[in-house]
Every structure is written in structure tokens, then in C-alpha cells.
Amino acid sequence: MTVVRIGARGDIVECFDRIPRWEVMRRLRELVDDERVVHLVGLLLNRRVPDERATPADRGRGLHQGSMLAPLLSNLYLDVFDRAMMTAGWRIIRYGDDFAIPVSDRRDGEPALQSAATELSDIRLELNAGKCRVLSFEEGVDFLGQTVTASTLAAAEMLSHPLETVVYVERQGAVVRTRGDRLVVTDGEESLLRLSLRRVRQVVGFGAVGFTTPFLRKAVDTGIDVVLLSENGTLGGRLSSPLTSDPTARRAQYRLADDERQCRVLAAAFVAGKIDNLRVSLLRAARRVDDPGTAAAADRLTESADALGAADTLSQVLGIEGSTARDYFQSVARLSDPLWGFTGRARRPPPDPINAMLSYGYTLPCHEAMAALEAAGLDPMVGFLHQHRWGRTGLALDLIEEFRPMTVDVAVLRCVATAQLRPEQFSTEPDTGCRMGDDAKHTFLAAYERRMLTLITHRALGRRVRLRVALHLQAKALARHLVAPAEPYTALRWK
């Protein structure tokens, strides 16, 4: 499937005035057998209009604008143009004398318009060069009075979850601002991005990124979450709308967080979901590499998940979680090319590119989980698996346990397996460890965003939703469980 990112916009010069009537009538006769209908259309087409002043060269040309026949007959005449463009490989969308041609790359825009100019010339019409544009759908393509933007949601999800896109701003010195109802990112005179505010859920700025006061006010008013990170992904702060005014879920959360049994039960649910999804991630990654140890590792993960049922304390749950993570990453190391230098999970600082991507990537769903939990009426700081520690977003870390294998791990493994990233795009320093270069960050963020927009079956709903939507649905399910513990929390499982 070709990804459409660019739209070439075109217009036909005086289209209705220049269409030759005799050619329209010839084509009508080819389609309509009833000569009476053809004769009547001819009379209407060639009738004189008061104050019509046509030069001899213009006589025999033109459709009467405002007539109900004009759109029908113009489509009949332009059908040849449409077919010629499609035969040439262009997927043209035309309404009257306006048309748009979606293309996958900006470089294809000009050839598409040149092809349109050639085909129009063959039928005695002319492309209006002054109205031709090649635009990104991220910027917005104006067509028929509407601004068409890149869709990130299925139609039903757009209605129920309109705030879907996360905007990552990496360019140092860039400024995020608003213009009308659009978010605009600029760097000096250069426009980097234009996007409808309705489609923005969160804006993440890395390093020296600026935000104008009007944008920040608009973000608070419309519920857009703003996250400030260092260039390496360390959280600096967040700007978000106030917590929901209903404290019911938070009161239940605080009460159950002091109950050791409830902490163990919920922690086991989070870890069980994580282990199941680690197993699927491992088996999928192994499809590309022949590793006899993968099947045995997958079986051990299944045994670990079964062992959770016998865990009597939170410490035992944490022990099972730690051992399965080590087993999983050792298996990933066997599946990875030795050039990447990955031997297992290591942090602070990450010693190799894969660990650098994992550390960088795991911060991303955490920030999204914080916003999802707050929207569900919960406190992202008070967790059950991740117990209270100063500055730690415990519940956000709890919630993303089941999501990490499906999102960040997949993005990392695909970047490695498909050579989207190479080891030389990373640098290593003794004090800071391995760090991602700017190009590597950009590529990885794009891979992560694609993954968050991937559809997954949500069994509780009985339908497919995007992973980002699923994160919010799981936050709401967790809130329902905390208010009514008899309704169990079920982790999202990847199949």
C-alpha cells in the first residue's frame, strides 16, 4: 500500500467557457440512443443568452454556467481527461474544474501537474498554472472549500476520539504556536508543521523548544497535554488540564494502594499482561532469525505467567517480573546482529544502541499514560506494582507494562531488523553511555508513532482500535476496577 503524504492541486482555466459544444454533442450521441433527447440537449446547449457577446473564435464553445446541464456535460467532456490521467498512473480526484492528485512524495507533485497540463492540452483546455500547488497533507490541502489533512484515525474513531496525534518537536530552537485553529511549528521563517488543533492529543518538546503563550492557553482550554523533555528524553515537566472534578476514582485508588493484597492482585494482572505480550513479541521477532532457543524461552515465559497465580506477596510478583524480563532480553540478544553489541538490558547509562533506543522509547508511552490516567480521574503518581517513590509516576509505569512489548519493543526491533537505523547513527561517551543521533531519533519517533496508530483487537470491546486509543480504554477500565474491585482488571493482550 502506498502511503499518501502529498497532494497536487490544480485548476482548469475558464473550463466551462472553453469546452467545445460540438465535441460534447458527439460524445453524447455515443452514449444516448434516443435522438429526441440528444436534439433537446442540443437546443438547450446552443440557445442564445441575453447580452451574450461572443467573438467568432468563441462561437461553438462554452457551457452556460448556472444551467443544470453544465456540470453533467462538463463531466462528460472531462471524462477523457480523467481516464487519461488514471491510465498514466495518477489517482486523480476531480470536481468540476478543480482537481487534486494524491502522491507519495513531493517530488512526484510536479510531474503529476505536468501530466495534467499535457492531457488538458490534448482536449483543447489549459491548466491554470497560477493556481497549482504541491502541498503536504500535514500542512493541509485546500480542496472544494475544505482543508484536507492527513488522517490518523478510522472514521468512527475520529468521531469518538478526535484528539489522536502526538506531535514530537525535536528541532532545537523551534517554536510551537497557533494560527487560527491550527498548530504551527516554525524555525525562524521555515514552517515545519501545520496541523488542526482538533487532531492533537499531546505535544512533546525535546530540549530547546519554545511555546508561545497563546498556544499554551489554547492547550489548557482544549485539553492538549504539553510535555517538556531533555534532548535525551528525561522528563522536565508537563502542562495539563486540571484533574477531573470527580474524586471518586482517586479516593478508591489511594485506599487500595494501602491494601497489600490489592496491590499484589493488581500487580499480578499488569505483569501477566506484560509476560503474555513479551512472549508474542519474541515469537514474532524470531520469524526472521532461526534460533532454536526461542521456543524454549517462550515456554519459560508461559511458565512464569502461570507462576503468578501462586505468588503470595508483591515481592514474589516483582521477582517473577524481573526474571522474565532478563530471559526475554537475553533471547532478543541472540536474535540481534552482533554489530549492535546488545547482550541484555542495561541502563544508566545504556551501553549500546538497542539499549539506548529502549531507554529513550520507554519514556514515550509513560507520558501518554499519565495523560490517559488523569483523563480517567486517576493519579498517575500512585501505583500498585511500582510502589511510591519520590518523583516516580508509579501508576503510569504500571499501566504501560502491558503496552511496552507491543509498542516500544516492536519499534526498536523493526528499526534494527529492517535497517531503518544503523549502529553508526549512535555515539558513545564514557559518562553518558550510548546516545542516539538526531537522525536516529527522528527515525525512531516515526516508527514509534506508526506503532501507536496500529490497530489491535480489544477483546473487551469486540472490535479493533488503535493502540493509542487502547491505552485510554485501559486507563478507564482500571478506574472502573478501583471503584468497583469486584469487576476485575484485564490487561490488553496481543495475539
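Just remember that my numbering sits 38 ahead of the position in the sequence shown, which is counted from 1. We put the beta carbon where it would ideally sit given N, CA and C, even for glycine.
Rounded C-alpha distance that separates residue i from residue j
i: T351; j: R299; result: 8 Å
i: R518; j: A295; result: 15 Å
i: E195; j: F367; result: Confidence at E195 is low in this model, with a pLDDT of 39, below 50, so its placement is unreliable and the value that follows should be read with caution. So the two alpha carbons sit approximately 35 Å from each other.
i: R338; j: D143; result: 46 Å
i: D55; j: L451; result: 58 Å
i: V51; j: I130; result: 18 Å
i: K514; j: D328; result: 40 Å
i: A95; j: V205; result: Model confidence at A95 stands at a pLDDT of 43, short of 50, so the residue's coordinates are unreliable and nothing is read from them.
i: Q354; j: T250; result: 49 Å
i: R145; j: D72; result: 48 Å
i: R322; j: Y486; result: 17 Å
i: V264; j: L69; result: 59 Å
i: S112; j: V79; result: 13 Å
i: D120; j: Y133; result: 11 Å
i: S159; j: G127; result: 18 Å
i: S105; j: L82; result: 9 Å
i: D259; j: P252; result: 11 Å
i: P140; j: H480; result: 24 Å
i: R64; j: A122; result: 19 Å
i: G415; j: R501; result: 25 Å
i: S189; j: A345; result: Legend: pLDDT at S189 = 44, less than 50; position of this residue unreliable, no value from coordinates given.
i: R430; j: R171; result: 49 Å
i: A522; j: A290; result: 9 Å
i: A457; j: R385; result: 23 Å
i: A333; j: A363; result: 16 Å
Endpoints, the alpha helix (DSSP H) within which residue i is located
i: S234; result: First-last for S234: E228 to S234, but that is the beta strand (DSSP E), not the alpha helix (DSSP H).
i: E406; result: P391 to A413
i: T203; result: It is not in any alpha helix (DSSP H) - T203 instead sits in the beta strand (DSSP E) that spans T203 to V207.
i: G48; result: Segment I44 to D49 is the beta strand (DSSP E) holding G48; no alpha helix (DSSP H) there.
i: F464; result: From DSSP, F464 is part of no alpha helix (DSSP H) but of the beta strand (DSSP E) over F464 to E467.
i: G147; result: G147 to D160
i: R447; result: In the sequence under discussion, the amino acid at residue 447 is Asp, which differs from the Arg named in the question. D447 -> alpha helix (DSSP H) spans V446 to A455.
i: S62; result: Here residue 62 is Val; the residue named in the question, Ser, does not match the sequence. Here the alpha helix (DSSP H) through V62 covers R59 to L69.
i: G331; result: G331 to A345
i: N315; result: E298 to A323
i: E73; result: E73 to N84
i: D436; result: G432 to I438
Nearest candidate by alpha-carbon position, reference residue i, set the options
i: T445; options: A335, E412, R504 and D476; result: R504
i: V370; options: E359, P252 and G382; result: G382
i: L230; options: G331, V118, A212 and R531; result: A212
i: D314; options: R47, H77 and R531; result: R531
i: L411; options: L254, N113 and P285; result: P285
i: L499; options: A529, K479, R488 and D476; result: A529
i: Y398; options: D225, L81, G471 and A323; result: G471
i: P20; options: A384, A363, D365 and D390; result: Here the chain covers residues 39 to 533 and nothing more, so residue 20 does not appear.
i: L493; options: S342, V507, T481 and L483; result: V507
i: P58; options: L78, A108 and K169; result: A108
i: R85; options: Y133, L69, A167 and Q103; result: Q103
i: N219; options: R209, G331, A522 and V238; result: Correcting the residue identity first, residue 219 is Asp in this sequence and not Asn. Out of R209, G331, A522 and V238, V238 has the C-alpha closest to the C-alpha of D219.
i: I392; options: F482, A524 and D344; result: F482
i: F244; options: L254, E269, V223 and G347; result: E269
i: P387; options: N166, M123, C53 and S465; result: S465
i: S374; options: P461, L346 and R497; result: P461
i: A336; options: D344, L346, L173 and L320; result: L320
i: T224; options: D344, H424, S234 and G248; result: G248
i: R236; options: G261, Q152, C170 and Q458; result: G261
i: G379; options: V454, L277 and D135; result: V454
i: G347; options: P418, Q152, A150 and R302; result: R302
i: E341; options: G331, A310 and A324; result: A310
Terminal residues of the beta strand (DSSP E) in which residue i lies
i: L535; result: Given that the chain is displayed from residue 39 to residue 533, the structure contains no residue 535 and the question cannot be resolved.
i: G243; result: V238 to F244
i: A290; result: Note, A290: premise wrong, no beta strand (DSSP E); alpha helix (DSSP H) at T286 to A295.
i: P140; result: D136 to V141
i: L377; result: Where L377 is concerned, there is no enclosing beta strand (DSSP E), given that its DSSP letter is neither H nor E.
i: L267; result: D263 to L267
i: D117; result: No beta strand (DSSP E) holds D117; the alpha helix (DSSP H) holding it covers L107 to T125.
i: T250; result: Here T250 belongs to no beta strand (DSSP E), and DSSP marks it neither H nor E.
Rounded Cβ spacing between residue i and residue j (contact assumed at less than 8 Å)
i: T401; j: L273; result: 7 Å
i: L304; j: F422; result: 4 Å
i: G45; j: A154; result: So it is not a contact: roughly 13 Å between Cβ atoms.
i: D477; j: E208; result: Between E208 and D477 the Cβ distance is about 10 Å, and since that is not below 8 Å, they are no contact.
i: L316; j: P443; result: 5 Å
i: E439; j: K312; result: 4 Å
Residue(s) in a DSSP beta bridge with residue i
i: V503; result: I494
i: I130; result: In DSSP, I130 forms no bridge with anything.
i: C472; result: T466
i: E385; result: According to the sequence shown, residue 385 is Arg rather than Glu. According to DSSP, R385 bridges with nothing at all.
i: P217; result: Just to set this straight, residue 217 is Arg in the shown sequence, not Pro. Answer by DSSP bridge pairing, in chain order: R220.
i: D225; result: E228
i: R99; result: P58
i: L165; result: I50
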